[in-house]
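*Asks:* Before I ask anything, here is the structure I am working with.
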Amino acid sequence: MTNERPLILITNDDGVAAKGINELAACLRDLGDIVVFAPDGSRSGMSSAITSTLPIKYSLRRKEEGLTVYSCTGTPVDCVKLALNEVLDRMPDLLVSGINHGGNMAICVNYSGTMGAAAEGCIFRVPSLGVSLLDQSADADFSESCRLGRRVAELVLRDGLPDGTYLNLNVPKLPRVKGLKVCRQTDGRWTREFKRSENAAGEPVFWLTGSFERSSDEPDDDLLALDNGYASLVPCKIDVTDYDFKARMEGYEFI
4 MTNERPLILI TNDDGVAAKG INELAACLRD LGDIVVFAPD GSRSGMSSAI TSTLPIKYSL
64 RRKEEGLTVY SCTGTPVDCV KLALNEVLDR MPDLLVSGIN HGGNMAICVN YSGTMGAAAE
124 GCIFRVPSLG VSLLDQSADA DFSESCRLGR RVAELVLRDG LPDGTYLNLN VPKLPRVKGL
184 KVCRQTDGRW TREFKRSENA AGEPVFWLTG SFERSSDEPD DDLLALDNGY ASLVPCKIDV
244 TDYDFKARME GYEFI
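Be aware that the sequence shown starts at 4, since it is given in our numbering, and climbs by one per residue.
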């Protein structure tokens, strides 16, 4: 890799062979030197999980001018940690996680391996972005999410991000979106989350399912934007401190 061009680290939670990550690498190729470092298979829903009781390993899958692709046995966050600590010869100028097969809007940001990887990059003070398409099919059309992901990546490379902030970009399943809106995370949660059935032995087993229920509707929330044909971009923070309540608690007498 050359030191003159930006270094861009790409990862995901769908696996190194997924269509989304390969199209993302292709559409960012001319912005800098690309290193893809991704799980060897699907790790969806891993959030910020790390592998702590077993060793992990990685292998080189492809190397050419301006592009190196590695496969790793760990989680998305393992991939980021290993790439930054052991593999890359310098810190990346940008980390992009995705393009995820399926949305990561609203509360899903807390469960997503895609966004867990973006958060990990942010922890290392690498400007980081997660990109997701609201289409779970293996052969989804990623052209619009590539276009928007590239545009946001260009802006981040140019202007950077504040320390402790990373970005969550979601794109609806449309040939062309109406625009991109900077949003807040929709307030809500998943309900009726399991479907019960039985295995061959007659024992109960449970399949994750459910439906999302909003707790409130705000004019700038991400689900509303997506429902109306816009892509949503939510700035997220690593620091989860509730500073308003902290100020109130400082007046408490605990002892």
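Glycine included, C-beta positions come from ideal geometry on N, C-alpha and C. Nothing here was measured: the structure is a model prediction, and the numbers come from that model.
What's the C-alpha gap between Ala29 and Tyr73?
*Replies:* Residue numbering aside, residue 29 sits at position 26 when the sequence shown is read from its first letter. Residue numbering aside, residue 73 sits at position 70 when the sequence shown is read from its first letter. C-alpha separation (whole angstroms): 15 Å.
*Asks:* What separation, rounded to the nearest whole angstrom, lies between the Cα atoms of Phe209 and Lys198?
*Replies:* Residue mapping note: residue 209 aligns to position 206 of the sequence shown, counting from 1. Residue mapping note: residue 198 aligns to position 195 of the sequence shown, counting from 1. Spanning the two alpha carbons is a distance of roughly 6 Å.
*Asks:* Could you tell me whether the segment 147–166 touches the segment 126–133, where touching means 3 or more Cβ pairs closer than 8 Å?
*Replies:* yes
*Asks:* Is Asp225 closer than 8 Å to Thr189 when the C-beta atoms are compared?
*Replies:* Numbered from 1 along the sequence shown, position 186 holds the residue referred to as residue 189. Numbered from 1 along the sequence shown, position 222 holds the residue referred to as residue 225. Thr189 is a Cβ neighbour of Asp225, given a cutoff of 8 Å.
*Asks:* Might you give, ordered along the chain, the residues of its own chain that have their beta carbon closer than 7 Å to the beta carbon of Val80, omitting 5 neighbours on each side?
*Replies:* Counting from one through the sequence shown, the residue named residue 80 turns up at place 77. Around Val80: Ser51, Ala52, Ile53, Gly119, Ala120 and Glu123.
*Asks:* Pick helix, strand or coil for Asn103, following the three-state DSSP scheme.
*Replies:* Start at 1 with the first residue of the sequence shown, and residue 103 comes out as number 100. Correct three-state label for Asn103: strand.
*Asks:* Give me the Cβ distance between Ser45 and Gly18, rounded to the nearest whole Å; I'm assuming they're in contact under 8 Å.
*Replies:* Counting from one through the sequence shown, the residue named residue 45 turns up at place 42. Counting from one through the sequence shown, the residue named residue 18 turns up at place 15. Between Ser45 and Gly18 a beta carbon distance of about 5 Å is seen, short of the 8 Å cut, so the two are scored as contacting.
*Asks:* What residues match up with Ala41 in a beta bridge as DSSP calls it?
*Replies:* On the sequence shown, residue 41 is found 38 positions in, with the first residue counted as 1. Paired residues: Ser74.
*Asks:* Does the pairing of the segment 175–193 with the segment 211–222 give three or more beta-carbon distances under 8 Å?
*Replies:* yes
*Asks:* If the criterion is Cβ atoms closer than 8 Å, does the pair Asn151 and Ala234 meet it?
*Replies:* Taking the first residue of the sequence shown as position 1, residue 151 is located at position 148. Taking the first residue of the sequence shown as position 1, residue 234 is located at position 231. The question names Asn, yet the displayed sequence has Leu at residue 151. Result yes, Cβ atoms of Leu151 and Ala234 sit closer than 8 Å.
*Asks:* Name the one or two DSSP bridge partners that Gly167 has.
*Replies:* As a working note, residue 167 is residue 164 in the sequence shown. Note: Gly167 sits in no beta bridge, so no partner.
*Asks:* If you check the beta carbons only, do Arg195 and Gly213 fall under 8 Å apart?
*Replies:* On the sequence shown, position 192 is the one that residue 195 refers to. On the sequence shown, position 210 is the one that residue 213 refers to. In this structure, Gly213 lies closer than 8 Å to Arg195 by Cβ.
*Asks:* Using the C-alpha atoms, what's the distance from Pro9 back to Leu236?
*Replies:* Position 233 of the sequence shown, counting from 1, holds the residue named residue 236. Position 6 of the sequence shown, counting from 1, holds the residue named residue 9. C-alpha separation (whole angstroms): 23 Å.
*Asks:* Distance check for Leu137 and Ser62, CA to CA, integer angstroms please.
*Replies:* Taking the first residue of the sequence shown as 1, we reach residue 62 at position 59. Taking the first residue of the sequence shown as 1, we reach residue 137 at position 134. The straight-line gap from Cα to Cα measures roughly 30 Å.
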